[in-house]
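Protein chains in written order, with our numbering: chain A, 4 to 180; chain B, 541 to 667; chain C, 15 to 213.
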């Protein structure tokens, strides 16, 4: 059977033919054994796959999976904010800025004096180029988790130096005893 | 501040290999709840008494040293140094008995974790 | 996390998310993350890549929420986003890797598959559903990216030829050829897997 006829059988099976052509092709398939067999074969694959996709479940916890999304959303929002055109009223900030800054500093100093203990926020100060840190809290165990991930596409031997916990093949242990 | 640091390996292999021990149950529960690997093995366990405003280096493996500075008030600065390079630095609050966990991907679809916690005023027994 | 969100209807969550309520969007992510990740994995066949692409899809979904007007279900809309990202990634990878002769042969529609005798026995007859799903998954893994993609989009996503052509940035004729090849190859792989298990 020529290829264009084979594809016609497939199109008929998938309901992709115009109504008149579909009727004609259907009649031909009914009379032609080879076409009929091909339609049955393609149809059996179609029927087998329909609603038989293997389901997969993510094993990462809800919080962990979400934390990376949230970080990326915030990063993108910040990037857009930095590159956004400056509205006219914002230009007044350069005149008001110093006065506002002094007022803000006064507020911070008052708050700091009132606080007897240091603030408890977590602060990421630096991560090597090519890496990023995702931080989130597991509320149920009150655990803080910091996940360091490689943000480059470099091959393994060119990636930033990373800790490893892999047990070594050679007799000596990972830790120098 | 008495600090405890454990290097943990996350893997789907049942056999951990030489020098691998079972992980502290609380830490294991946290790791299982959050991450996808089915087995976690402790590779090393380091303890140190760190006076306020001072720092200590904890050698977790041939490739990783943790420099921990006691900032006072349960706050620590953690500097994760991999192969001589500063990989990550951050300031965190350690509230016993909770763990602070650093982690990242390792080769062959495994992961490394460093669990940190303080024992408050109690002495911590090294395994 | 607001525990009440889990009882909310999808339409309400979408509406609130469109107004900037990230907690509502997070609830949507929690509900559909497996499906979106599963679609990415079915196309990429690589866990880490699928994970990254699924998360990229959610980020894009958040950014484009104002463009969702309810013409399709939310999950259908999100699935289209992750499919686009996967196709972009596959195109980038294709440019980077050398074309194998086999891949070029498959691209042309498979001269061998055109001449193959028809498989008369239904290769999936008598299989339990779980076993069938597992075999389909194994067979899909053996196809090239292009043929797996066209099968996934047509058989799992039930997209029409025209829509597949638009997604894959190729002609309808190419879609038809690839689908034909992929189905015959899939039939042959399933029959082969059935023979293996009976030996």
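Glycine included, C-beta positions come from ideal geometry on N, C-alpha and C.
Given the structure is predicted, the values throughout are model-derived calculations rather than measurements.
Beta-bridge pairing by DSSP links residue 588 of chain B to B:543. Beta-bridge annotation (DSSP): residue 642 of chain B is paired with A:149 and B:654.
When beta bridges are read from the DSSP output, residue 604 of chain B appears opposite B:622. About 6 Å separates the CB atoms of residue 42 of chain A and residue 16 of chain A; that is less than 8 Å, so the two are in contact. The shortest C-alpha to C-alpha distance from residue 612 of chain B to any of B:635, B:549, B:643 and B:602 is the one to B:635. Using a Cβ-Cβ cut-off of 8 Å, residue 150 of chain A does not count as an interface residue toward chain C, since no Cβ of chain C sits closer than that to its own. Secondary structure note for residue 137 of chain A: its beta strand (DSSP E) is the uninterrupted segment 134-141. Residues of the same chain with a CB within less than 7 Å of the CB of residue 81 of chain A, apart from the 5 flanking positions on each side, do not exist. In this structure, residue 193 of chain C lies near residue 13 of chain A, with their beta-carbon atoms less than 8 Å apart.
Residue 579 of chain B is bridged by DSSP to B:551.
Per the coordinates, the alpha-carbon of residue 178 of chain C lies some 39 Å from the alpha-carbon of residue 138 of chain A. In this structure the stretch 551-568 of chain B does not touch the stretch 30-50 of chain C; the number of beta carbon pairs closer than 8 Å is below three. In summary, the residues of the stretch 40-67 of chain A whose CB is separated from some CB of chain C by less than 7 Å are 40, 41, 44, 45, 47, 48, 49, 51, 52, 53, 55, 56, 57, 58, 59, 60, 61 and 65, in the order they occur in the chain. The beta carbons of residue 583 of chain B and residue 543 of chain B sit about 17 Å from each other, so the pair does not count as a contact at 8 Å. Nearest neighbour of residue 144 of chain A by Cα position, chosen from B:547, B:560 and B:569, turns out to be B:569.
For residue 134 of chain A, the nearest beta carbon of chain B is closer than 8 Å to its own beta carbon.
By the criterion of a C-beta distance shorter than 6 Å, residue 609 of chain B is surrounded in its chain by 595 and 617, once the five residues flanking it on both sides are discounted.
In the three-state DSSP reduction, residue 58 of chain A falls in the coil class, being neither helix nor strand. For residue 69 of chain A, the chain C residues whose Cβ falls inside 7 Å of its Cβ are 40 and 43, in order along the chain. Under the 8 Å criterion on CB atoms, residue 17 of chain A is classed as non-interfacial with respect to chain B. Listed in chain order, the positions of the stretch 90-101 of chain C with a beta carbon within less than 7 Å of a beta carbon of chain A would be empty, since no residue qualifies. Residues 548, 580 and 582 of the same chain have their beta carbon placed closer than 6 Å to that of residue 563 of chain B, with the five preceding and five following residues left out of the count. Inter-residue distance for residue 71 of chain A and residue 63 of chain A is about 11 Å (C-alpha atoms, whole angstroms). Under the Cβ distance rule, residue 144 of chain A does not count among the residues neighbouring chain C, no pair being separated by less than 8 Å. DSSP, read as helix, strand or coil, puts residue 595 of chain B in strand. By DSSP's assignment, residue 612 of chain B forms a beta bridge with B:615. The beta carbons of residue 56 of chain A and residue 147 of chain C sit about 7 Å from each other, so the pair counts as a contact at 8 Å.
When DSSP states are grouped into helix, strand and coil, residue 636 of chain B belongs to the coil group. Under DSSP, the beta-bridge partners assigned to residue 562 of chain B are B:581. For residue 161 of chain C, the three-state secondary structure derived from DSSP is helix. Rounded to the nearest whole angstrom, the CA to CA distance from residue 21 of chain A to residue 27 of chain A is 10 Å. Among the CB atoms of chain A, none fall inside 8 Å of the CB of residue 63 of chain C.
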